[in-house]
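Chemist: Numbering (this note's numbering), first residue to last: -12 to 388.
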């Protein structure tokens, strides 16, 4: 996440930390009572707002422009961008937004302040603390150990790292803010990688297994699903399953964000999908990734957009980068810099049409850069099916142009 590559192209790059998990998002009635805003939770988001206020006050000293700020996040950072766009506290703090592989519907739903406080009390009890004061006396390693246990289900539905509709940072759930047209109406660039979602369909090896899993996942809508995703034989199952998982996972989330912005906003939206596969060094192995099957995995686009390819070879040679990879990174980072400067990512090398719900065009960064269009029938089905996916790319129809 080094910003030197982008800074060399004419932007001031600022990165910052924020509180995570229970330390960043726990609401609690005693915390609410102590707050001048009568709110709690969302502390991680408030850290981000504080950083943006710091940028506004100080960026001129670094030759930056406080009235030309772009916020950019990936994965949970992208979900933060979505929430920041929905918060009244960020008015005037940024003029463009970039969301990479993280959007509405992927994480836990926003909780009301009352429900968030209940989760905080449940967490306090799991730590055997009688009061907030006792909770504050506990060592950090114990707090984090119980947090991990709760995330695994030991505390029931006590997943604390979720947005809180606290009446201060968020007046409503973020998607509802967009529907009401109260979001920060700024140019938006969103996208995702080709192979970053998962569900049970990916375990199917035969058409029969694929159909059985579809029946479980989609119930009375399974026949509609099977008309849209129909493997011709057993050999085609893996590819069709990957298509379905991609469409129903990250692609649906980022599409929902784009539609929410265009539904009530006036600013332009741009979309991309990253499908380029890293060239791995011969014989390289990883504990959490199989180079033969990883594809364009979650976060694999980051070193290309940020021009940090060599960071992946810092401690050992894991990638055999080629001239084509470096050219792709140069062109992708040019697009990000152009968007930060102007709100339009198109360059002389990369024509980039705007995205519209009625004209779902995007740019695909693969072995070449080309136009692509979402398959509206498939995407509309996935948007309405609400099947649970976890962290691939949409139903793409490659364009000749």
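All C-beta atoms, glycine included, are put in the ideal place defined by N, C-alpha and C. Bear in mind that the values here come from a model prediction, so they are computed numbers and not experimental data.
Between residue 25 and the rest of its own chain, which residues show a CB-CB distance below 7 Å, the 5 nearest in sequence each way excluded?
Modeler: Result list for residue 25: 19, in chain order.
Chemist: Taking the alpha-carbon positions, what's the residue 451 to residue 198 distance?
Modeler: Nothing can be reported for residue 451, as the shown portion of the chain is limited to -12 through 388.
Chemist: Checking 8 Å against the spacing of the C-beta atoms, do residue 42 and residue 59 come in under that value?
Modeler: No, the pair does not count as a contact, with Cβ atoms beyond the cut-off.
Chemist: Helix, strand or coil: which one does DSSP assign to residue 111?
Modeler: Helix.
Chemist: Which first and last residues belong to the beta strand (DSSP E) in which residue 167 is found?
Modeler: That residue, residue 167, is in no beta strand (DSSP E); it is neither H nor E in DSSP.
Chemist: Out of 117, 334, 109 and 49, point me to the one whose CA is closest to residue 133's CA.
Modeler: Answer by Cα proximity: 109.
Chemist: How many angstroms separate the CA atom of residue 97 from the CA atom of residue 36?
Modeler: Their backbone Cα atoms lie some 18 Å apart in a straight line.
Chemist: For residue 353 versus residue 285, is the C-beta spacing smaller than 8 Å?
Modeler: For residue 353 and residue 285, no; Cβs fall outside 8 Å.
Chemist: How would you write the range of the beta strand (DSSP E) that residue 84 sits in, first residue to last?
Modeler: Segment 83 to 87, the beta strand (DSSP E) holding residue 84.
Chemist: Going by C-alpha distance, which of 192, 251, 259 and 140 is nearest residue 341?
Modeler: The option with the nearest alpha carbon to residue 341 is 259.
Chemist: Would you check if there are 3 or more beta carbon pairs closer than 8 Å linking the segment 170 to 183 to the segment 77 to 94?
Modeler: Cβ pair count under 8 Å is three or more, so yes.
Chemist: Please say whether residue 251 and residue 178 have beta carbons closer to each other than 8 Å?
Modeler: Their beta carbons are not under 8 Å apart, which means residue 178 does not touch residue 251 by this criterion.
Chemist: Return yes when the Cβ of residue -6 is within less than 8 Å of the Cβ of residue 0, no when it is not.
Modeler: Yes, they are a contact pair.
Chemist: If you compare alpha carbons, which of 39, 344, 372 and 274 is closest to residue 205?
Modeler: Of the listed residues, the one whose Cα sits closest to residue 205 is 372.
Chemist: Measure the alpha-carbon distance for residue 157 versus residue 75 and round it to whole angstroms.
Modeler: So the alpha carbons of these two residues sit roughly 7 Å apart.
Chemist: Quick one: residues in its chain with C-beta nearer than 8 Å to the C-beta of residue 119, no 5 flanking neighbours on either side, listed in chain order?
Modeler: Around residue 119: 15, 17, 18 and 111.
Chemist: Can you give me the start and stop residues for the alpha helix (DSSP H) that residue 237 sits inside?
Modeler: Its alpha helix (DSSP H) spans residues 237 to 251.
Chemist: Rounded to whole angstroms, what's the CA-CA distance from residue 31 to residue 151? Just pull it up for me.
Modeler: Looking at the two C-alpha atoms, the distance is approximately 11 Å.
Chemist: Determine which residues share a DSSP beta bridge with residue 394 and list them.
Modeler: Because the chain spans -12 through 388 in this model, residue 394 falls outside it and cannot be assessed.
Chemist: Would you report the Cα separation of residue 95 and residue 236, rounded to the nearest angstrom?
Modeler: Their Cα atoms are separated by approximately 14 Å.
Chemist: With 16 as the cutoff for other CB atoms within 10 Å, does residue 210 come out buried or exposed?
Modeler: Exposed.
Chemist: Helix, strand or coil, according to DSSP, for residue 268 in the structure here?
Modeler: Of the three classes helix, strand and coil, the one that applies to residue 268 here is coil, per DSSP.
Chemist: Rounded C-beta distance between residue 82 and residue 56? I'm assuming under 8 Å.
Modeler: Rounded, the Cβ-Cβ distance is 6 Å, consistent with contact.
Chemist: Have a look at residue 367 and residue 346 and give me their C-alpha separation to the nearest angstrom.
Modeler: Whole-angstrom Cα-Cα distance: 13 Å.
Chemist: I need the DSSP call for residue 320, collapsed to helix, strand or coil.
Modeler: In this structure, residue 320 counts as helix in the three-state DSSP scheme.
Chemist: In terms of residue numbering, what span does the beta strand (DSSP E) encompassing residue 61 cover?
Modeler: Unbroken beta strand (DSSP E) run through residue 61: 57 to 61.
Chemist: Given a threshold of 16 other Cβ atoms within 10 Å of its Cβ, counted over all protein chains shown, does residue 241 qualify as buried or as exposed?
Modeler: Counting Cβ neighbours within 10 Å, residue 241 comes out buried, since at least 16 surround it.
Chemist: Just confirm the distance between the C-beta atoms of residue 191 and residue 228, as a whole number of angstroms; I'd bet it's less than 8 Å.
Modeler: Confirmed, Cβ separation roughly 6 Å.
Chemist: With a CB to CB cut of under 8 Å and the five nearest residues on each side skipped, what residues in its chain are close to residue 78?
Modeler: Hits under 8 Å: 171.
Chemist: Considering only C-alpha positions, which residue in the set 274, 270 and 174 is nearest to residue 330?
Modeler: Comparing Cα-Cα distances from residue 330 to each of 274, 270 and 174, the minimum goes to 174.
Chemist: If you draw a straight line from the C-alpha of residue 154 to the C-alpha of residue 162, how long is it?
Modeler: Rounded to the nearest angstrom, the two C-alpha atoms are 15 Å apart.
Chemist: If the criterion is Cβ atoms closer than 8 Å, does the pair residue 266 and residue 312 meet it?
Modeler: Taking 8 Å as the Cβ cut-off, residue 266 and residue 312 qualify as a contacting pair.
Chemist: At the level of alpha carbons, what is the spacing between residue 54 and residue 203?
Modeler: Spanning the two alpha carbons is a distance of roughly 51 Å.
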